[in-house]
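Below is one structure, written out as structure tokens; comments come after it.
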Amino acid sequence: MVHQQGDEDFYKERGFGKILGFGKKPGLIVVDMIEGFTDPSMPMGSDLTPQINKVNALLEIIRNKDLPVFFTTISYDDDTFADSGLWYQKMEGLKTLKAGTSAVNVDPRLDFRYGDGLIVKKYASAFFGTDLIARLNAQNVDTVIIVGCTTCGCVRATAVDALQYGYRPIVVEDAVGDRSLASHEQSLIDMRQKYADVLTTEKIITTVSAKYPKGSFTA
């Protein structure tokens with residue numbers, strides 16, 4: 001039976017949607033905010049200006065607290081896109097994400113700095129086939145704040161993998177975006193109930209400001 005009304009109560013009654021909360025040390029993962037996805041003129045792009053503004057606000061507080069920042073990009077360097085596996089057959093737009101082109105660059109409107117971790121991935125999750133786990137563990141990160149795009153794709157895949165690998169995933173609902181509003185909204189519902197905490201930028205800033213004193217994580 002599909003419950004179209006009262007879904008929140010339906011889930012709550014059955015023990016879904018519990019709060020994981022923040023751990024001892026969070027890090028920020030900015031998922032695929034690259035020109036191939038943030039430029040509406042690109043085949044896989046959409047206007048994510050509001051989300052970019054929210055991400056920059058989060059970057060400011062995260063940097064102020066000396067917490068780690070990781071950006072991800074999708075980039076293919078094989079001329080036949082063999083490094084995209086079957087995904088390329090499913091989603092032909094991946095051909096725009098060619099290494100060395102502007103499409104794989106972090107959107108210049110974002111405060112991307114030298115020293116930020118840059119994770120180059122081939123698939124949806126920021127964890128799959130990358131060294132992200134090693135980077136997180138090296139910096140004692142136990143909580144990942146996830147922003148970027150797309151909500152139903154790479155953001156969701158990253159949140160699910162984060163949980164499976166033992167990290168506390170927190171998805172920032174107004175700092176993630178999608179080509180489809182319906183997909184965006186449904187994915188937030190799914191993640192909130194089963195895989196991650198879902199909070200606003202304002203709530204993240206308030207919590208990080210109060211919970212993590214400046215200088216606590218300075219090397």
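Numbering (full-length UniProt numbering), first residue to last: 1 to 219. Even for Gly, the Cβ is constructed at its ideal location relative to N, Cα and C. Quick caveat: nothing in here was measured; it's all calculated off a predicted structure.
message = Please report the distance separating the alpha-carbon of L20 from that of A138.
response = Counting from 1 along the sequence shown, the entry for residue 20 is found at position 20. Counting from 1 along the sequence shown, the entry for residue 138 is found at position 138. Using only the alpha carbons, I get a separation of about 22 Å.
request  = Please name the residue in A162, G36, A124 and P68 whose C-alpha comes closest to that of G93.
outcome  = Within the sequence shown, numbered from 1, the residue matching residue 93 stands at position 93. With respect to the C-alpha of G93, the residue from A162, G36, A124 and P68 having the closest C-alpha is G36.
key: Test item: CB-CB of S46 and R179 under 7 Å   = Start at 1 with the first residue of the sequence shown, and residue 46 comes out as number 46. Start at 1 with the first residue of the sequence shown, and residue 179 comes out as number 179. Yes, the Cβ-Cβ distance between S46 and R179 is below 7 Å.
query = Going by DSSP, which residues form a beta bridge with L28?
reply = Residue 28 sits at position 28 when you count from the first residue of the sequence shown. Note: L28 is bridge-paired with V69 and I145 in the DSSP secondary-structure output.
query = Among all the DSSP beta bridges, which residues are the ones paired with I34?
reply = Position 34 of the sequence shown, counting from 1, holds the residue named residue 34. Bridge partners of I34: V106.
inquiry  = When you compare the CB positions of I145 and T130, do they come within less than 7 Å of one another, or not?
reply    = Taking the sequence shown and counting its residues from 1, the one referred to as residue 145 is at position 145. Taking the sequence shown and counting its residues from 1, the one referred to as residue 130 is at position 130. Using a Cβ distance threshold of 7 Å, I145 and T130 do not count as a contacting pair.
request  = Take L132 and list the residues in its own chain whose beta-carbon comes closer than 6 Å to its own, dropping the five residues that flank it on each side.
outcome  = Taking the sequence shown and counting its residues from 1, one reaches residue 132 at position 132. So the qualifying residues of the chain are I119 and A126.
request  = Taking only the alpha-carbon atoms, compute the straight-line gap between Y76 and E13 and give it to the nearest angstrom.
outcome  = The count along the sequence shown starts at 1 and reaches residue 76 at position 76. The count along the sequence shown starts at 1 and reaches residue 13 at position 13. Roughly 45 Å separates the two Cα atoms.
task = Could you have a look at P40 and say whether DSSP puts it in helix, strand or coil?
result = Taking the first residue of the sequence shown as 1, we reach residue 40 at position 40. DSSP places P40 in coil when its eight states are reduced to three.
ask   = If you measure from the CB of F112, is any heavy atom of the ligand ZN nearer than 6 Å?
value = Within the structure as shown, the ligand ZN is missing, as the structure has no ligands at all.
Residue range of the unbroken beta strand (DSSP E) whose run includes E92 = Looking up residue 92 in the sequence shown gives position 92. Element bounds for E92: n/a, residue is neither H nor E.
ask   = For V55 versus I62, is the C-beta distance shorter than 7 Å?
value = Along the sequence shown, read from residue 1 onward, the residue named residue 55 stands at position 55. Along the sequence shown, read from residue 1 onward, the residue named residue 62 stands at position 62. In this structure, I62 does not lie closer than 7 Å to V55 by Cβ.
inquiry  = Since G148 and V31 should fall inside the 8 Å C-beta cutoff, what is the C-beta to C-beta distance between them, to a whole number of angstroms?
reply    = Here residue 148 refers to the residue found at position 148 when the sequence shown is read from its first residue. Here residue 31 refers to the residue found at position 31 when the sequence shown is read from its first residue. V31 and G148 do touch by the CB rule: their CB atoms are close to 3 Å apart, below 8 Å.
request  = Can you tell me which of the three DSSP states D78 falls into?
outcome  = Residue numbering aside, residue 78 sits at position 78 when the sequence shown is read from its first letter. Secondary structure at D78: coil, using DSSP grouped into helix, strand and coil.
request  = Just confirm the distance between the C-beta atoms of D72 and K121, as a whole number of angstroms; I'd bet it's less than 8 Å.
outcome  = By one-based count along the sequence shown, residue 72 stands at place 72. By one-based count along the sequence shown, residue 121 stands at place 121. One point to set straight first is that residue 72 is Thr, not Asp, in the sequence displayed. The beta-carbon distance between T72 and K121, rounded to whole angstroms, is 6 Å. This is short enough to meet the 8 Å contact definition.
inquiry  = Between V155 and chain C, is the shortest Cβ-Cβ distance under 7 Å, so that the two count as touching?
reply    = Judged by its chain identifiers, the structure shown contains no chain C, having just a single protein chain.
query = Hey, would you say S102 sits closer than 7 Å to T151, going by beta carbons?
reply = The count along the sequence shown starts at 1 and reaches residue 102 at position 102. The count along the sequence shown starts at 1 and reaches residue 151 at position 151. Judged by their CB atoms, S102 and T151 are not nearer to each other than the 7 Å cut-off.
message = If you reduce the DSSP assignment to three classes, tell me which class K18 lands in.
response = Numbered from 1 along the sequence shown, position 18 holds the residue referred to as residue 18. DSSP places K18 in coil when its eight states are reduced to three.
task = Flag this pair as yes or no: are the beta carbons of P169 and A196 separated by less than 7 Å?
result = Position 169 of the sequence shown, counted from the first residue, corresponds to residue 169. Position 196 of the sequence shown, counted from the first residue, corresponds to residue 196. Here P169 is near A196, since their CB atoms are less than 7 Å apart.
inquiry  = Do F112 and V106 have their beta-carbon atoms positioned less than 7 Å apart in this structure?
reply    = As a first step, residue 106 must be located in the sequence shown, where it is residue number 106. As a first step, residue 112 must be located in the sequence shown, where it is residue number 112. Annotated as proximal: V106 and F112, with beta-carbon spacing under 7 Å.
Own chain residues within Cβ distance below 7 Å of S84, not counting five before or after = Numbered from 1 along the sequence shown, position 84 holds the residue referred to as residue 84. Cβ neighbours of S84 beyond the five flanking positions: Y76, L94 and K122.
query = From which residue to which residue does the beta strand (DSSP E) around P169 run?
reply = By 1-based counting over the sequence shown, the position of residue 169 is 169. Counting along the chain, the beta strand (DSSP E) containing P169 begins and ends at R168 to G177.
For I119, the residue or residues it bridges with in DSSP = Residue numbering aside, residue 119 sits at position 119 when the sequence shown is read from its first letter. I119 pairs with T72.
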